[in-house]
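Student: Take this structure, written in C-alpha cells, and hold onto it; I'll ask about it next.
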Amino acid sequence: MALPSYASAGQKIWHYSFLTICGLIFFFLIFPIMVIIPLAFNAQDFFTFTPEMLRLQADGYSLKHFNDFFNNPDWYRPLYNSLKIAPMATIVSVSLGTLAAIGLSQSHVPYRRVIMAILISPMIVPLIISAAGMYFFYSWIGLQGTYWGVVLAHAILGIPFVIITVTATLVGFDKSLTRAAANMGAGPVRTFFKVQMPLILPGVISGGLFAFITSFDEVVVVIFVGSVGQKTLPWQMFTGLREQISPTILAAATVLVTISILLLITVELLRRRSERLRGMSQG
Amino acid sequence: MKLTTTILDAASAIALASVATAGSHMANEMTIVSWGGAYSASQQAAYHDPYIANSGIAIINDESSGDAVAKLRAMNEAGNVTWDLVDVEAADGMRLCDEGLAMEIDFDTQLAPGDDGSTATDDFGDMLVSDCFIPQIVFSTTFGYRTDMVPEGAAAPTDACAVFDLDTYPGNRALNKRPIGNMEWALLCDGVAIEDVYDTLETDEGIARAFAKLDTIKAVTRWWTAGAETPQLLADGEIFMGSTYNGRLFSVIAEQNQPVGMAWGYQMLDIDGWIIPTGLADDRLARTLDYVYFATDTQRLADQAKYISYGPARASSAPLVGDHATLGIPMAPHMPTDPANMTGAFVTNYLWWADYRDELDAKFQAWLAQ
Amino acid sequence: MSEPTTTATMQAADGTPLKVSLARALRRQKMRALLLIAPLLGFILLGFVFPIGQMLFRSVENDVVRDTLPTTIEALENWDSTSNEAPPEEVFAALAADLQVAVDTKAHTVLGRRLNFEYSGITTLFRKIGRDVEDWDLATDGPFAPRFEDSDDEWLDPDLWRAVLAYSDRYTSGYYLAAIDKTMVNGVIESRPADQSLHLMLFGRTAWMSVLICFCTLLLGYPIAFLLATLKARHANLLLILVLLPFWTSLLVRTSAWKVLLQEQGVINDLLVAIGLLADDGRLQLINNKLGVIIAMTHILLPFMILPLYSVMKTIPPSYVRAAKSLGATDWTAFWRVYFPQSVPGIGAGAILVFILAVGYYITPELVGGPSGSFISNRIAYQWSGAGNWGLVGALGAILLVAVLILYWVYDKIVGIDNVKLG
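Residue numbers (the numbering used here), protein chains in the order written: chain U, 826 to 1108; chain G, 612 to 981; chain W, 222 to 644.
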C-alpha cells in the first residue's frame, strides 16, 4: 500500500496516522502475550515488575519459577499428561477427519450440507453444554476419568478443524490427477497414497496442528470428563489462576507461548510449501 | 514421500508410547478426595504418609471436594463410583446421607475407640450429626486482615463486624460467594441476636435486611470460591479484610510470615469429616474401612493439628494437641475452640440451610449478579 | 448427411442401457462417499450429538415424583386443588404406604430435594417423616393425617399439596419456567419475585456484552484486515504472523496475561501510577467486572474477526477503488461507496462468528469477570456443581444451544458452512 508520489499533504497525514493506528492495534494484540515472558523471570513472587527488574539489574531476575515448573510434580505431571493426550487425540481426529473430508469432497454426496453441519457442530456448541453432556454419557459407559475418555472427547473437539482445513485443501485439488493415475492403471488405494496424500498432506498437517492445539489448550471438557489422573496443564493453570496464584503460572505460560510460536512457524512453512507445490507462490 | 513416511513413523511412535504409558488403575491404590491446599497437605502428613508406610497402599489425592455432591450423584447414576473416601463438610455429608449416596457407619465397631477408653460414640459426642458422617475436625470460617493496613489511631479489628465498618477500616473485602455465613454475619452485625438469626432469615424482611447490610460493602468486595483465595489476596495486599477457613489464615500468618492478623469474633464453626460412597466393591470397601479406622483414631486426629490449626473432633485428642511440626509453636491458642477465640462464635445451622439453601442461593446469586 | 435416428436406447460398453449404467455408477459414487464419511459421522453422532441430547432431556424429565409416590399422586388428583383445606385422609394413607416403600432406598429424600427447588422446606419434612414412617403399621395405625400433623403441621398446608400436584407430571415444564424466571402456581404461569430472577438478566447481559465485544473487534479488526489485504504479499504474511500468534496461544495464557495486567496491583495500574496519571489509592478497577471481560474477550476474539475479513478483502480487486478515484471520488467516498460494500460479507462472517463464540464463553468471564461480569455459561456451571439442579442445567443449556443454532443457521445462509476459512 505504497503512498503514491502525488499524494497530498492531507492524504499523507491520513496515511501515516492509519499506519500508527494499525501499529497500536498490533501492539494491543501482541503486548499481553509478550509482557508475561519477562515477568516469568521475576526473582520475587510478584506478578508485577519490581524496581530491580525495571533497572535491568541481574538480581531482579531468576529462573526459579521455571525450576518450580519443571521439578514440581504439581506442574510437570500435568505437562506430561497434556503431552500424552494431545498427540493421541490428534491422530484420532486427523485419521477420521481426513477420511470424511475426502468423502465430502467427492461429487454427488447426498445430504452434504446436513452432514457438514453435524461434523462442524462441536466447534459451535458452547463448551459447557458439550462438557456436561459428555460427562453424563462417559460416566454411563465407564469412560469418565480415563485416558481414552479424554482422548475421545478431545478428538471430537478437534474434528471440525481438520474437516475445515482438509476440505479447503481438497477444493484446490486437481481431480484430473486422480483420473490420470487411474488411466495409468493405479487402483484407488494406490492413487490415494501416491497421488492425493502427498498433495493434501500440508492441509492434513495443518488440520492436525489445529486439532493438537485445541486438545493441548482445552480446559472445560477435561475438567468434566477427566479426573485427577488426567489433569492437564491448562487445568492446572485454571486452578492456579482461581486459587493460589503463583508466578509458576507465568513460567508455564512462557513455555506454552514458545510452543505456539514453534507451531505457528511450522504452519507457515507448510503453507508456503503447499503454495510452492501448486505453483501459486510469489517465489 | 519421505516426508510422509517420516511423519507416519513419528505419529505411530507417539501413539504407541502414549498407549503404553496410559496406565490403568493399580490394584493397590485408593482415591481420597479432599479440598486441596494447606488442608490436604496436613492430611497427607498426618494420615496418608503413616498409612502408606504401614500398608504399602498408594493414595491418590483428588481436590474435588467442592464438587463432591454433584460428582457423587453423577457417579451413582452411572453406576461407576471411582472415589473411595470423600472429605466433606457436615452439611454436604448430611445431604449425601439423605440421598443414599453415603454409606451408613456403625460408629462403635467401624471406628477406633478413644485412647482414654471411651467408645467412639462417646468420644465424638455431639459431632456425630449424621449416620454416614465421620467427623474429623472442627473448623471455622473467620476473618483475617492486613495488620499493616489498619489506619492510624484505629484499634485492630477483633470481630467479623469490622468488615462492614468502612469508615474505620477502608479498603477491599473478600467474602465467600455463597450465602452461608454472609447472611448470618449481616444480621448479627445489624443487631439481631444469634438465637433469632435463622428465624429472621425465614422472613422476606429479614432477608432484605441482610442484603441491605451486605449492599453497604458490595462495591468493594471480592467473592471467593476457594479457601486459598483470601490468603493470597491478603498476601498480595489486594484486600484489607476477608473471610476464609481459619486454618488457611494460620498458614499464611505463621508459615508464610505475612502481616495478617485474625479477627475471631463471631466466627462460624463447622465440622468437616469423611463419608464413604455407597456402591464400592467389597475389596475397596474393606481397604477404605481399614484406612478410616486408622486415620480417625485419637492420635491421628491430634497429629493433624500439628500441621494446621483445626480442632480434632474427638474429645480424647484435645489433650494430645501439641506444637506445630516444623515451627514449634503451640497450636492450642490457634484452635477455633480455644476459649480466647470463642466470643460470639456460633455453629452453622446446617439443618436449616438444608431446607433454605436453594431459595436463598437463588436470591443471593441474583443479588450478586446485579 | 444425417445419421439415421434409431429408436434403440443408448448403451454402455457392456451392453447395459446407458441410463442404468450411469445410475449405477452414480450410486456407487454416493456409496463410496458415504462409506468414507460414515465412521466419523457415526463417531460424532454417538459421542457428541447423543450425549448432548441425553443431557438436554433432563430438562423435561420428572419421573421421580410419580415413581416415588404413585398411589399418592393418583389419590391427590381427586382432590380439589383450589380448596383451602388439606387433602382427605386417603391421600395421607396412600402417602404413608408409598413412603414405607421409598424409605428403603432413600428415594423419599431424593424426592424431597427435587421438590425443594420449588417449595423451600420440603427437604426437612420428608427427612423427618422418613424416620417415623418406618415404624408404622399400615393396616392398623390409621388414620394417618394426624400422624403426619404430629411430625410437622406443614403437612396440612394446602399450598404444599398444590406444589406437589403441580410438579407431579412425568414431563415437566418447571425447569424451563425456572430458566426464564417464571413459576407455575395453581396452573397459572407467573413471574418469580424480582430478587430471585437472574436468568433473563444473564441472558440479556451475555447477549449485549457479546454484541459490544463484536463491535469492538470489528472496530479494531477492520483496519488490520484492510492493511493486510492491501499490502504486498510478503509483508502481509509477516504481519499476519502477528495476528496468528495470539490465535495460536493458549486461551489460559492470554487470560492470565490480562489478569496480570488488569489487577489493581497489576502492570497497567502500576504504570499509570508511576507516570503520575493516577494517585496510588485511586487505582482503576479494571478486573472482576464487565470492563475486564470486554477488554480480555476483545483481545481473544480479535483474530476470529480479522481472519474472515482478511480472506474476503483479499478478493476485492483494487481496480474498483482506483477507477472510482479516477472518476473524481474523494478518498472517503471511494472507500465508503465502493470498497466498504464489497467487504460487508466479510464483516457479516466475522461478526457472527465472534458473536457465536462470545455467547458460549466460560473461561474468561469466570476468571476476570467477577459476579457482575459473569455469562450464562458460568451460571450453568454453577447449577451443575453447586446447586445440583441438573434439570435447570438442561433447560438453560437448551435455550443457549437453540440461540446458537439459530445464529449458526443465519451464518450458513450468509456465508455458507463450506466457506469458513481459518487463514
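Even for Gly, the Cβ is constructed at its ideal location relative to N, Cα and C.
Roughly how many whole angstroms lie between the Cα atoms of W:S418 and W:Q604?
Tutor: If you number the third sequence from 1, residue 418 of chain W lands on position 197. If you number the third sequence from 1, residue 604 of chain W lands on position 383. Answer to the nearest angstrom: the Cα atoms are 14 Å apart.
Student: Can you tell me which residues form a DSSP beta bridge with G:D934?
Tutor: What you label residue 934 of chain G is simply residue 323 of the second sequence in a count that begins at 1. According to DSSP, G:D934 bridges with G:P941.
Student: In angstroms with no decimal places, state the Cα-to-Cα distance between W:G395 and W:P586.
Tutor: For this step, residue 395 of chain W is matched to residue 174 along the third sequence. For this step, residue 586 of chain W is matched to residue 365 along the third sequence. Cα to Cα, W:G395 sits roughly 28 Å from W:P586.
Student: At a Cβ threshold of 8 Å, is G:A633 touching chain W?
Tutor: Walking along the second sequence from the start, residue 633 of chain G turns up at place 22. Bear in mind that a pLDDT of 45 at G:A633, under 50, signals an unreliable position, so the number given afterwards is only what the model happens to contain. No, its Cβ sits nowhere closer than 8 Å to a Cβ of chain W.
Student: Under the three-state reduction of DSSP, which class applies to G:Y809: helix, strand or coil?
Tutor: What you label residue 809 of chain G is simply residue 198 of the second sequence in a count that begins at 1. Three-state DSSP puts G:Y809 in a helix.
Student: With a cut-off of 8 Å, does the C-beta of U:R902 fall near any C-beta of chain W?
Tutor: As a first step, residue 902 of chain U must be located in the first sequence, where it is residue number 77. With 8 Å as the cut-off, U:R902 does not count as an interface residue toward chain W.
Student: Would you list, in chain order, the members of the stretch 519 to 540 of chain W that have their beta-carbon closer than 7 Å to a beta-carbon of chain U?
Tutor: Result list: H520 and L523.
Student: At what residues does the alpha helix (DSSP H) containing G:N665 begin and finish?
Tutor: Here residue 665 of chain G corresponds to residue number 54 of the second sequence, with the count starting at 1. Its alpha helix (DSSP H) spans residues D660 to S666.
Student: Strictly below 9 Å CB to CB, what residues from chain W border U:E1093?
Tutor: Counted from its first residue, the first sequence places residue 1093 of chain U at position 268. Residues of chain W passing the Cβ test: N458, L461, I462 and L465.
Student: How far does the alpha helix (DSSP H) with W:K511 in it extend, from its first residue to its last?
Tutor: Within the third sequence, numbered from 1, the residue matching residue 511 of chain W stands at position 290. Counting along the chain, the alpha helix (DSSP H) containing W:K511 begins and ends at K511 to M534.
Student: For the beta strand (DSSP E) containing G:G853, name the first residue and the last one.
Tutor: As a position in the second sequence, residue 853 of chain G is number 242, starting the count at 1. G:G853 -> beta strand (DSSP E) spans M852 to Y856.
Student: Here's the rule: buried if 16 or more other CB atoms are within 10 angstroms of the residue's CB, otherwise exposed. What is W:I627?
Tutor: Within the third sequence, numbered from 1, the residue matching residue 627 of chain W stands at position 406. Looking at its Cβ environment, which holds fewer than 16 other Cβ atoms inside 10 Å, W:I627 is exposed.
Student: At least one CB of chain G closer than 8 Å to the CB of U:F986: is that the case?
Tutor: Counted from its first residue, the first sequence places residue 986 of chain U at position 161. Not closer than 8 Å to any Cβ of chain G, the Cβ of U:F986 fails to qualify, so no.
Student: Under 8 Å, with one C-beta from each stretch per pair, do the stretch 844 to 861 of chain G and the stretch 657 to 672 of chain G reach the 3-pair mark?
Tutor: Counting Cβ pairs under 8 Å, fewer than three are found: no touch.
Student: Out of curiosity, what's the CA-to-CA distance linking W:W382 and G:N672?
Tutor: On the third sequence, residue 382 of chain W is found 161 positions in, with the first residue counted as 1. On the second sequence, residue 672 of chain G is found 61 positions in, with the first residue counted as 1. C-alpha separation (whole angstroms): 45 Å.
Student: Taking C-beta pairs closer than 9 Å, name the residues in chain U that W:S484 reaches, listed in chain order.
Tutor: Walking along the third sequence from the start, residue 484 of chain W turns up at place 263. A small correction: the amino acid at residue 484 of chain W is Gln; Ser does not occupy that position in the sequence shown. Correct list: F872 and T873.
Student: Any residues in the stretch 897 to 924 of chain U with a beta carbon nearer than 7 Å to a beta carbon of chain G? Which ones, in chain order?
Tutor: Answer in chain order: K909, P912, M913 and I916.
Student: To the nearest angstrom, report how far apart W:I537 and W:F561 are at their CA atoms.
Tutor: For this step, residue 537 of chain W is matched to residue 316 along the third sequence. For this step, residue 561 of chain W is matched to residue 340 along the third sequence. Computed Cα separation, rounded: 10 Å.
Student: Show which residues of chain W have a CB atom less than 8 Å away from the CB atom of U:R880.
Tutor: Stepping through the first sequence from its first residue, residue 880 of chain U is reached at position 55. Within chain W, no residue comes near U:R880; the closest Cβ sits about 13 Å away, beyond 8 Å.
Student: Compare the Cα-Cα distances from G:E688 to each of W:V331, W:V270 and W:L423 and report the closest residue.
Tutor: Position 77 of the second sequence, counted from the start, is the residue given in the question as residue 688 of chain G. Considering only alpha carbons, the answer is W:V331.
Student: What residues in its chain sit with their C-beta under 7 Å from that of U:Y963, if we drop five residues either side in the sequence?
Tutor: Here residue 963 of chain U corresponds to residue number 138 of the first sequence, with the count starting at 1. Counting only Cβ-Cβ distances below 7 Å, and skipping sequence neighbours, we find Q969, G974 and V1050.
Student: Which residue's Cα is closest to the Cα of W:F436: W:L243, W:P260 and W:I573?
Tutor: As a first step, residue 436 of chain W is located in the third sequence; it is residue number 215 there, counting from the start. Ranking the options by Cα distance to W:F436, first place goes to W:I573.
Student: Counting only the same chain and skipping the five closest in sequence on each side, list residues whose C-beta sits under 6 Å from that of G:W963.
Tutor: Here residue 963 of chain G refers to the residue found at position 352 when the second sequence is read from its first residue. For G:W963, where only same-chain residues beyond five positions count, the Cβ hits under 6 Å are Y809.
Student: Taking 8 Å as the limit between beta carbons, can you name the residues of its chain near W:L472, skipping five residues before and five after?
Tutor: Counting from one through the third sequence, the residue named residue 472 of chain W turns up at place 251. Result list for W:L472: I521, I584 and T585, in chain order.
Student: I need the straight-line Cα distance from G:V871 to G:T937, nearest angstrom please.
Tutor: Here residue 871 of chain G is taken as the residue at index 260 of the second sequence, counted from 1. Here residue 937 of chain G is taken as the residue at index 326 of the second sequence, counted from 1. The straight-line gap from Cα to Cα measures roughly 20 Å.
Student: Using the rule of at least 16 other Cβ atoms within 10 Å of the residue's Cβ for burial, across every protein chain shown, is G:S635 buried or exposed?
Tutor: Here residue 635 of chain G refers to the residue found at position 24 of the second sequence. Its pLDDT being 41, under 50, G:S635 is placed unreliably by the model, and nothing is read from it.
Student: Might you give, ordered along the chain, the residues of its own chain that have their beta carbon closer than 7 Å to the beta carbon of G:K974, omitting 5 neighbours on each side?
Tutor: Residue numbering aside, residue 974 of chain G sits at position 363 when the second sequence is read from its first letter. Within the same chain, G:K974 has close Cβ partners I818.
Student: Would you say G:I882 and G:A713 are within 8 Å of each other, going by their C-beta atoms?
Tutor: The sequence position of residue 882 of chain G within the second sequence is 271, counting from 1. The sequence position of residue 713 of chain G within the second sequence is 102, counting from 1. Result no, Cβ atoms of G:I882 and G:A713 do not sit closer than 8 Å.
Student: The stretch 839 to 858 of chain G: which residues have C-beta closer than 7 Å to a C-beta of chain U, in chain order?
Tutor: Here the close residues are A839, E840 and Q843.
Student: If you draw a straight line from the C-alpha of G:D856 to the C-alpha of G:Y658, how long is it?
Tutor: Locating residue 856 of chain G in the second sequence gives position 245, counting from the first residue. Locating residue 658 of chain G in the second sequence gives position 47, counting from the first residue. This sequence places Tyr at residue 856 of chain G; Asp is not what is there. Going by the C-alpha atoms only, they are around 20 Å apart.
Student: Select from W:D362, W:I401 and W:S242 the residue whose C-alpha is nearest the C-alpha of W:A707.
Tutor: Here chain W comprises residues numbered 222 to 644, so residue 707 of chain W is not present and cannot be evaluated.
Student: Shorter than 7 Å, the distance from the beta carbon of W:A450 to the closest heavy atom of the ligand MG, or not?
Tutor: No copy of the ligand MG occurs in the structure displayed, which carries no ligand at all.
Student: Quick check on this structure: which residue in G:N793, G:S741 and G:M760 has the alpha carbon closest to the alpha carbon of G:T753?
Tutor: Translated into the one-based positions of the second sequence, residue 753 of chain G becomes position 142. Nearest of G:N793, G:S741 and G:M760 to G:T753, Cα basis: G:N793.
Student: Under the assumption that U:A957 contacts W:M252 (Cβ atoms under 8 Å), give the Cβ distance between them as a whole number of angstroms.
Tutor: Walking along the first sequence from the start, residue 957 of chain U turns up at place 132. Walking along the third sequence from the start, residue 252 of chain W turns up at place 31. So it is not a contact: roughly 37 Å between Cβ atoms.
Student: If you count every other CB in all the chains shown that lies within 10 Å of the CB of G:M705, and 16 or more means buried, which is it?
Tutor: Indexing the second sequence from 1 puts residue 705 of chain G at position 94. Label assigned to G:M705: buried.
Student: Looking only at its own chain, which residues have a Cβ that is under 6 Å from the Cβ of W:L316, when we skip the five neighbours before and after it?
Tutor: Counting from one through the third sequence, the residue named residue 316 of chain W turns up at place 95. Cβ within range, chain order: T293.
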